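Enquirer:
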Amino acid sequence: MEGYQAITEKLRFFTRKFYRNELIRGGILFFSLGLVYFFVTLFIEYFLWLQPRARTILFWVFVVVELYLLFRFVLQPVFKLIGLQKGISFEESSKIIGNHFPEVQDKLLNILQLQENPNHSDLLLASITQKAKELHPIAFVKAIDFSKNIQYLKYALIPLLIWVLSFFIGNGDIFKQSFNRVVNYKTAYSPPAPFSFYLQNNSLEVLQGKPFTVQVQTHGSVRPEEVKIVFNN
Numbered sequence: 032m033e034g035y036q037a038i039t040e041k042l043r044f045f046t047r048k049f050y051r052n053e054l055i056r057g058g059i060l061f062f063s064l065g066l067v068y069f070f071v072t073l074f075i076e077y078f079l080w081l082q083p084r085a086r087t088i089l090f091w092v093f094v095v096v097e098l099y100l101l102f103r104f105v106l107q108p109v110f111k112l113i114g115l116q117k118g119i120s121f122e123e124s125s126k127i128i129g130n131h132f133p134e135v136q137d138k139l140l141n142i143l144q145l146q147e148n149p150n151h152s153d154l155l156l157a158s159i160t161q162k163a164k165e166l167h168p169i170a171f172v173k174a175i176d177f178s179k180n181i182q183y184l185k186y187a188l189i190p191l192l193i194w195v196l197s198f199f200i201g202n203g204d205i206f207k208q209s210f211n212r213v214v215n216y217k218t219a220y221s222p223p224a225p226f227s228f229y230l231q232n233n234s235l236e237v238l239q240g241k242p243f244t245v246q247v248q249t250h251g252s253v254r255p256e257e258v259k260i261v262f263n264n
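Read in order, the letters of the sequence shown correspond to residues 32 to 264 in the numbering used here.
Right, here's the structure in full:
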């Protein structure tokens, strides 16, 4: 039985490394997908200027999505790693190991199946011990390669690229403005006018009772039909 116990201990080590690997990959995906959805939320608010009710829905959908991503990619591997949630079985582990070491899978599965046999005869125990000795030199944990997670870093480049491009095109402040409106979803905001005024007069001083012409220039996608000045109500 010592041979079988050694095999199960190696399988437990494999399972722990398996979920550490899942946690690394999940952390990368949570960071990447979470930030992408964060930017999508901000862009929706930036372009649409939603009303408080729609912004409330947008905010809580964002919270639910981020919590789901956190649970799916981070908390689940953690729970399985520390034993709070059922993880993969020895049989499932043996199949994963067998994909990396083809010569191992049949022997490993056979050991597990023999152990489940209620009739533990001397011949059966000897067979388990023999197969366990054959598998002893093989490091099951080598079936897990942490370096393969590097391929998922490309997804992390997407939100970083969006953030960098926003500054290159001069719209770096849109994230701050949109974020403030999304967080303060109960507050009503009015979109800015599609034009702005630039005063052309060098001086605004005039003698009392004398006429004065205010010269302004407009910039924007829309040109106002008329301009009015309200002074002292």
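C-beta: ideal position from N, C-alpha, C; glycine also.
Quick caveat, the model's predicted, so the values are computed rather than measured.
#1: Could you have a look at V109 and say whether DSSP puts it in helix, strand or coil?
#2: Using only the alpha-carbon positions, how far apart do V172 and R212 sit?
#3: Sort T72, I55, N141 by Cα distance to W91 and report the nearest one.
#4: Assuming Y183 is part of the beta strand (DSSP E), what are its boundary residues?
#5: Could you pull the start and end residues of the beta strand (DSSP E) that Y229 belongs to?
#6: Rounded to a whole number of angstroms, what is the C-alpha to C-alpha distance between S120 and I127?
#7: Can P265 and S252 be called in contact, C-beta distance under 7 Å?
#8: Which one or two residues does DSSP pair with G251 in a beta bridge?
#9: Should I142 and K162 be called a contact, given that it needs their Cβ atoms to be closer than 7 Å?
#10: Closest to R56 by CA distance: which of F177, K241, F228, T218 is it?
#11: Starting from G129 and walking both ways along the alpha helix (DSSP H), at which residues does that stretch end?
#12: For A174, which residues of its own chain have a beta-carbon under 8 Å away from its beta-carbon, when the five flanking residues on both sides are left out?
#13: Measure the beta-carbon distance from P190 to F70 and round it to whole angstroms, keeping in mind my assumption that it falls under 8 Å.
#14: Report the option in R84, K164, L112, R86 whose CA atom is closest to the CA atom of A37.
Expert: According to the structure data:
#1: By one-based count along the sequence shown, residue 109 stands at place 78. Helix at V109.
#2: On the sequence shown, residue 172 is found 141 positions in, with the first residue counted as 1. On the sequence shown, residue 212 is found 181 positions in, with the first residue counted as 1. Computed Cα separation, rounded: 49 Å.
#3: By 1-based counting over the sequence shown, the position of residue 91 is 60. Answer by Cα proximity: T72.
#4: The residue given as residue 183 occupies position 152 in the sequence shown. Looking at the DSSP string, Y183 is not in any beta strand (DSSP E), and its letter there is neither H nor E.
#5: Position 198 of the sequence shown holds residue 229. Following the DSSP letters along the chain, one finds Y229 inside the beta strand (DSSP E) bounded by residues 226-230.
#6: Residue mapping note: residue 120 aligns to position 89 of the sequence shown, counting from 1. Residue mapping note: residue 127 aligns to position 96 of the sequence shown, counting from 1. Going from the Cα of S120 to the Cα of I127 covers about 11 Å.
#7: The question about residue 265 has no answer, for the chain in this structure spans 32 to 264.
#8: Here the question's residue 251 lines up with position 220 in the sequence shown. Answer is F226, bridged to G251.
#9: Here residue 142 refers to the residue found at position 111 of the sequence shown. Here residue 162 refers to the residue found at position 131 of the sequence shown. Here I142 is near K162, since their CB atoms are less than 7 Å apart.
#10: For the purposes of this step, residue 56 is taken as the residue at position 25 of the sequence shown. For the set F177, K241, F228, T218, the Cα lying nearest the Cα of R56 is the one of F177.
#11: Your numbering for residue 129 matches position 98 in the sequence shown. The continuous alpha helix (DSSP H) containing G129 extends over residues 121-131.
#12: Numbered from 1 along the sequence shown, position 143 holds the residue referred to as residue 174. Answer for A174: F45, I127, I128, N130, H131, F132, listed in chain order.
#13: Taking the sequence shown and counting its residues from 1, the one referred to as residue 190 is at position 159. Taking the sequence shown and counting its residues from 1, the one referred to as residue 70 is at position 39. Between P190 and F70 a beta carbon distance of about 6 Å is seen, short of the 8 Å cut, so the two are scored as contacting.
#14: On the sequence shown, residue 37 is found 6 positions in, with the first residue counted as 1. Of the candidates R84, K164, L112, R86, K164 places its Cα closest to the Cα of A37.
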